Amino acid sequence: MGEKPHQCLECGKCFPRSSDLTKHWLIHTGEKPHQCSECGKSFSRPSHLARHQRIHTGDKPHLCSECGKSFSRPSHLARHQLIHTGGKPHQCSECGKSFTQSLSLAQHQHIHRREKRHWCSECGKSFPRSSDLTKHQLIHTGEKPHQCSECGKSFNRSSNLARHQLIHTGEKRHQCSECGKTFTRYSYLAQHLLTHTGEKRHQCSECGKSFTRSSHLAQHQRIHTGEKPHQCSECGKSFTQSSNLARHQLIHIGEKTNQCSHCGKSFACFSSLAQHQLIHLQEKPHQCSDCWKSFTRSSNLTKHQLIHTGVKPH
Numbered sequence: 000m001g002e003k004p005h006q007c008l009e010c011g012k013c014f015p016r017s018s019d020l021t022k023h024w025l026i027h028t029g030e031k032p033h034q035c036s037e038c039g040k041s042f043s044r045p046s047h048l049a050r051h052q053r054i055h056t057g058d059k060p061h062l063c064s065e066c067g068k069s070f071s072r073p074s075h076l077a078r079h080q081l082i083h084t085g086g087k088p089h090q091c092s093e094c095g096k097s098f099t100q101s102l103s104l105a106q107h108q109h110i111h112r113r114e115k116r117h118w119c120s121e122c123g124k125s126f127p128r129s130s131d132l133t134k135h136q137l138i139h140t141g142e143k144p145h146q147c148s149e150c151g152k153s154f155n156r157s158s159n160l161a162r163h164q165l166i167h168t169g170e171k172r173h174q175c176s177e178c179g180k181t182f183t184r185y186s187y188l189a190q191h192l193l194t195h196t197g198e199k200r201h202q203c204s205e206c207g208k209s210f211t212r213s214s215h216l217a218q219h220q221r222i223h224t225g226e227k228p229h230q231c232s233e234c235g236k237s238f239t240q241s242s243n244l245a246r247h248q249l250i251h252i253g254e255k256t257n258q259c260s261h262c263g264k265s266f267a268c269f270s271s272l273a274q275h276q277l278i279h280l281q282e283k284p285h286q287c288s289d290c291w292k293s294f295t296r297s298s299n300l301t302k303h304q305l306i307h308t309g310v311k312p313h
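In structure tokens, the structure reads:
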């Protein structure tokens, strides 16, 4: 019982009947002796030809006992009947969810393949590929393996190094079609283009004033919030803009970069130099409306005007 005396010499598979072996042998020979009279397509087995011919005849011999719907193949009927039975034989090995059709399972499994399975133990962020996780972890380790051969500055990503190296090469790949000006980054070009269009996308929610750049809006909004994020490390004085802080810090370092071409005296601020130079020019632009006396500084005029008003300064 169960004996299979007929063995295939090609693959070693055994069959109980010689007729079964003969049918099987056609797989190896590639012979397809059964031809469709309608379209000429050939098949290795008569059962396969009979199934194919239903395409031409429209014959659907497999009937659903529940709803009466017919199918050309028993496998199609079996799949359909799962609707009535509620059977879901195709189970996902990842999450256990079941499906009536293998195709639905295959579609579902794409979700898991897209899932971010590689988790960072430091911050919990996840990534679809281990290579992405490795790159991310450089943030936590502080490692910067990509070094610039020109200046020695290091970066955690090769793309950041490539962008940095444009400083040394002077290469500016992104050109403005309006004026021909070139930029190292596309983001800089995009910002520049707004100067031609006049577009101001960034609007202040407090007063409605608009700006071409988000950084300019942020700077403007400090007027409303009173925020002064730039603090002097020497005296603690705060400023709304970094440029104002830099100018202020010249007081502490004693640097006076603005020099008078007449006498060589230097000043920390250009405005102070401009005021000083009026001495050499003998220019007195601030004139008293009462007596027409003139002064080099507006503060001196204010003091003088107290004579006419009768106010005694403290």
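Position one of the sequence shown corresponds to residue 0 (numbering that gives the first Met the number 0), numbered consecutively onward.
C-beta atoms are modelled at their ideal positions from N, C-alpha and C, and glycine is treated no differently.
In this text, all values refer to a predicted model and were calculated from it rather than measured experimentally.
Q. Residues in its own chain within less than 8 Å of R50 by CB, not counting five upstream and five downstream?
A. The residue given as residue 50 occupies position 51 in the sequence shown. If we look at R50 and ignore the five residues flanking it on each side, its Cβ neighbours are S71 and R72.
(Q) Suppose you measure from the CA of K134 to the CA of S214; what does that come to, to the nearest Å? (A) Along the sequence shown, one-based indexing puts residue 134 at 135. Along the sequence shown, one-based indexing puts residue 214 at 215. Their backbone Cα atoms lie some 29 Å apart in a straight line.
**Q.** Integer Cβ distance of S129 from H145, believed to fall under 8 Å
**A.** To locate residue 129, count along the sequence shown from 1; it is residue 130. To locate residue 145, count along the sequence shown from 1; it is residue 146. Between H145 and S129 the Cβ distance is about 19 Å, and since that is not below 8 Å, they are no contact.
Q) How about S271: is its Cβ closer than 8 Å to a heavy atom in the ligand FMN? A) Absence of the ligand FMN from the depicted structure is noted, as is the absence of any ligand whatsoever, leaving it without description.
Q. How many angstroms separate the CA atom of L102 from the CA atom of H83?
A. Indexing the sequence shown from 1 puts residue 102 at position 103. Indexing the sequence shown from 1 puts residue 83 at position 84. C-alpha separation (whole angstroms): 18 Å.
(Q) Can you find the residues in the same chain that come closer than 7 Å, C-beta to C-beta, to L188, ignoring five residues on each side of it along the sequence? (A) What you label residue 188 is simply residue 189 of the sequence shown in a count that begins at 1. Taken in chain order, the residues that qualify are H173, C175 and F182.
Q. How about K3 and C13: do their beta carbons lie closer than 9 Å?
A. For the purposes of this step, residue 3 is identified with residue 4 of the sequence shown, where counting begins at 1. For the purposes of this step, residue 13 is identified with residue 14 of the sequence shown, where counting begins at 1. Yes.
Q. When DSSP labels each residue in this structure, what does W118 get in the three-state scheme?
A. For the purposes of this step, residue 118 is taken as the residue at position 119 of the sequence shown. Three-state DSSP puts W118 in a strand.
(Q) Please identify the residue among I54, H79, K124 and A105 whose C-alpha is closest to the C-alpha of C66. (A) What you label residue 66 is simply residue 67 of the sequence shown in a count that begins at 1. C66 has its Cα closest to that of H79, out of I54, H79, K124 and A105.
(Q) I need the straight-line Cα distance from L193 to I138, nearest angstrom please. (A) In the sequence shown, the residue the question calls residue 193 occupies position 194. In the sequence shown, the residue the question calls residue 138 occupies position 139. A straight-line Cα-Cα distance of about 34 Å links L193 and I138.
Q. Residue range of the alpha helix (DSSP H) that K315 falls in?
A. This structure cannot speak to residue 315, because the chain is shown only from 0 to 313.
(Q) Which residue marks the beginning of the alpha helix (DSSP H) containing W24, and which one marks its end? (A) Your numbering for residue 24 matches position 25 in the sequence shown. Looking at the DSSP string, the run of the alpha helix (DSSP H) that includes W24 is S17 to T28.
Q: Return helix, strand or coil for T211, following the three-state DSSP convention.
A: The residue given as residue 211 occupies position 212 in the sequence shown. The answer is coil: DSSP assigns T211 none of H, G, I, E or B.
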